[in-house]
Amino acid sequence: MRDRPAFDLFLVSWLVLFLELAFIRWFPSHVLFLTFFTNTVLLACFVGMSVGCLVARRPTRLLNQTPLLLAIAIGFGVIVNAYSDDLLPIFKVGNQADPDVIFFGTEHAAVQGPSFTIPIEVVGGLFFLLIAAAMVGPGQEMGRAFNRVTDRTKAYTANLLGSLVGIGMFAACSYLRLPPIVWFALSICVLGYFLLRPDSPESATTTTKTSPATPLIWLAMTIAMTAFTSGLFPSGSGQLTTWSPYYRIDYIPQNRGIKTNLIGHQLMEPLDDATVAPYALPYLFQKDVKDADGKQAWAPFKKVLIIGAGSGNDVARALHWLPKDALIDAVEIDPVIQSIGSSQHPDKPFQDPRVTVYLNDGRNFLRKSPNETYDLVIFALIDSLVLQSGYSNLRLESYLFTLESFKDVRRVLKPTGVYAVYNFFRQGWLACRIRDQLRTAFNGSDPVVMTFPPRASIPLQMETFDHEGFTMFFSGSPEVLNPLRSAFTKEGKYWYPWLVGVRADTTARFSPTKPAQAPLPPPGAREFKDYAGNIVEPRWMGLEIASVEEPKGLRQATDDWPFLYAREATIPGLTLRGVVLTLVLSVVVWFAFLGHKSLGSGSGAVPEWGLMLRSFFLGAGFMLVETKAIVEMALLFGGTWMVNTVVFAAILVMSLIGNLYAKLAMPKRLEPYYAGLFTSLAIGLVVPLGAFLGLDPTLQILAVCALVFTPVAFAGVIFATNFQRTNQPDRVFGMNVAGALCGGLAENTSVLLGFQLLLCVAVGFYVLSAITGNQKPMNTESEKGV
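So the sequence shown is numbered by this note's numbering: it starts at 489 and just counts up by one.
Next comes the structure, spelled out in structure tokens:
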């Protein structure tokens, strides 16, 4: 091959990026509750890559150990996956009885009170070590490949192109819904390519060859282990596994249940069966709430929007209750969940011609919807069980539950329209936050709040198990809500049939007294059983309006601070413990592979500390700028996997342009580029996240891209220039990745500062990069002219 060093660098860069993405998808779907901490996997990959690059000059080829380390990491994941049901009440995610942050589905340890628990920090720490160790070998191979390409521009170009192709190929796997066995087979083929040939052309005649049989056996075992949950064949229980772009999705035909990343998520419930949620209540109120003249106070629901349509329960109830000429827009972000509902839901709601399905981010759909379109908008049990990306603490639904989103709902509602929000919100302070945001969004109109089972007031702290904390909010104009309040004031309670299928002929009603006869289930309906398997008889539930306790200083979730599930605007204790543990374990990995030796020992080269420190702080700042770009684009264009992919690819392209520009311009001084960087960051600080909403779509895209990617371009030129001046590309690049780890940890300050002020932290890192890179005592020959 005419340019094997550059090709090898391209290929190993592809391998590192592709393997990183595979790890981010695979481990959270096999290690219980790691789905809420995918950034742990990302940071572990950074540590492994960084350490690998920094030991590139050591004679021992660590890639030979990678097959074993990879098999061990995957094997531990398979074991935890196999015992996930037993581990459910044992793995403890913070204190979910009184949480700083709510994590849906993790409250079992708080409710069941097992004799011992395992903190999620311990679980995450174990897999952090395993993943980091598995990435050291590929990282070292990448560092060695950097050293072999003497043209630094060509080297960095090969690295960026390999990463870009890696993102594109993994996006193709996601689009085609290919299972993990394909991801790892592709990765292992490239890994095998490097293992089956000498480390370098020169070593082909000087190095004693070792048998590749053992590493290949470990690689084959790794592929075999990933096959178990790839959905190639049903499990013994009949469980069917599919891989969406967001989750591993397990469908259990026996009860029509859906798990996402090992956590129970949805249950398809036929109309005649008892349900976990009072889906029928908005339609019952539309029928039973009267005005002063005894007429229906709420206008007929002719146009309905359901966000979080899922597998179809809410849509099925809407179809049952709505008039025949009504139309429903059903929005769901996950195509696999919607597809399962379309084919498996007993009532076939998505096949009704009155329903139009949109596979989109709910906030993005709201923003594009015309004013005063809907009679009813429902947020239907929206609670994703995964982070939007590994780069931030945002969940898929974070931008749906901000003040600005609720204002979008008010805009698309007709003046007589109703907005219903319901879920098992777990804690009273969360209900209070939503109440306050609805009050503000609807110009001071307090929502009507109810709980199931009913309670007169909602305390800030509530018991945390599935049937506690279910709360329903009704919002709208005072003209819409006042008749509902008047009905409760006059009659006292609304009697709702509980644990029984609710049909249009139900005798549910407003009344001060409970109906004499218990509600009867429809013929053939299944019986409702509690957790112990005991049959629970249907009964009437007397609903009433609940007051919500007024806390002091509870911050509303906004587009700048979209942390709905964080109790306070402070870094949670669980996060702080995770940061400390990450730092400690990073040092452990460092010493495990580097030992006590300095970077220069045994390599014959004095470390270029000025360039290395500059690279470190550039990596930290770049990580935060990248995070800001991701959340900005998610807000404006939707938090879908495709938007994230495009953003990552665009950042790599901008870095590539910066690299080529640096080659052509050959900057002698970096002050003008730092000035451009700081100016663009300052503009980002003063221009709010939603400043471009409502603009012409083309103008909006241009303005947002200019705001988001201009800092990336300047930072790219600075790093590329820094990289061109080094004689030790492996170390400079390794320090850049180590800086990205530091930036990833610093991202946690967004919970304290919000995303707008997060740029201040990025500015701080970039200032340090400018200062350290120009320190005279640290300058080397390769730094002259900086």
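Here a beta-carbon is modelled for each residue, glycine too, at the ideal position from N, C-alpha and C. Please read these numbers as outputs of a predicted model, since none were measured by experiment.
Whole angstroms is fine: what's the gap from residue i's alpha carbon to residue j's?
i	j	result
residue 1225	residue 760	56 Å
residue 1123	residue 546	45 Å
residue 1247	residue 1237	11 Å
residue 1081	residue 623	12 Å
residue 582	residue 523	15 Å
residue 980	residue 1031	9 Å
residue 750	residue 667	16 Å
residue 966	residue 973	10 Å
residue 501	residue 819	37 Å
residue 1126	residue 850	8 Å
residue 700	residue 1157	49 Å
residue 561	residue 618	5 Å
residue 616	residue 509	15 Å
residue 1114	residue 1193	13 Å
residue 557	residue 536	12 Å
residue 892	residue 958	24 Å
residue 924	residue 890	11 Å
residue 541	residue 515	24 Å
residue 519	residue 563	11 Å
residue 1205	residue 804	55 Å
residue 952	residue 946	Low local confidence applies: a pLDDT of 46 at residue 952 is under 50, so the model's placement there is unreliable, with the coordinate-based value given in what follows. In a straight line, the C-alpha of residue 952 is about 13 Å away from that of residue 946.
residue 937	residue 1033	6 Å
residue 1261	residue 1099	6 Å
Residue j and residue i - do their beta-carbons sit closer together than 7 Å?
i	j	result
residue 1106	residue 963	no
residue 1148	residue 652	no
residue 986	residue 1003	no
residue 1108	residue 1227	yes
residue 1231	residue 1121	no
residue 588	residue 1050	no
residue 1070	residue 684	no
residue 719	residue 1073	no
residue 863	residue 905	yes
residue 929	residue 895	yes
residue 1042	residue 927	no
residue 555	residue 706	yes
residue 824	residue 737	yes
residue 1077	residue 504	no
residue 785	residue 779	yes
residue 708	residue 796	no
residue 506	residue 662	no
Taking all protein chains shown into account, decide if residue i is buried (16 or more other Cβ within 10 angstroms of its Cβ) or exposed.
i	result
residue 1223	buried
residue 1047	buried
residue 1214	buried
residue 604	exposed
residue 1265	Its pLDDT being 36, under 50, residue 1265 is placed unreliably in this model, and the value from its coordinates should be taken loosely. The residue is exposed, with fewer than 16 neighbouring Cβ atoms inside 10 Å.
residue 770	buried
residue 429	This structure leaves residue 429 out entirely; the chain is present only between 489 and 1274.
residue 721	exposed
residue 747	buried
residue 1259	exposed
residue 817	buried
residue 743	exposed
residue 498	buried
residue 949	exposed
residue 991	exposed
residue 529	buried
residue 1169	buried
residue 491	exposed
Quick one: measure Cβ to Cβ for residue i and residue j, integer angstroms, because I've assumed they're closer than 8 Å.
i	j	result
residue 877	residue 1235	Not really, about 11 Å apart at Cβ, beyond 8 Å.
residue 764	residue 919	With a Cβ gap of about 18 Å, residue 764 and residue 919 do not count as contacting.
residue 1251	residue 1136	Going by Cβ atoms, the distance from residue 1251 to residue 1136 rounds to 23 Å, so no, they are not a contact pair.
residue 734	residue 822	5 Å
residue 815	residue 842	6 Å
residue 644	residue 1208	6 Å
What runs of the alpha helix (DSSP H), each 4 residues or longer, lie entirely inside the stretch 1166-1243? 1185-1212, 1217-1234 and 1238-1241
Entirely enclosed alpha helix (DSSP H) segments - the stretch 866-913, minimum 4 residues: 891-900
Taking the runs of the alpha helix (DSSP H) that are 4 residues or longer, which of them lie wholly in the stretch 1043-1102? 1061-1082
Which whole runs of the alpha helix (DSSP H) in the stretch 642-720 are 4 residues long or more, in chain order? 668-683 and 701-715
Would you list, in sequence order, the uninterrupted beta strand (DSSP E) runs of no fewer than 3 residues that lie entirely inside the stretch 943-993? 958-963 and 982-986
Ranges of the beta strand (DSSP E) found wholly within the stretch 765-833, counting only runs of at least 3: 791-795 and 815-820
Minimum length 4: unbroken alpha helix (DSSP H) runs contained in the stretch 571-612: 572-575 and 596-600
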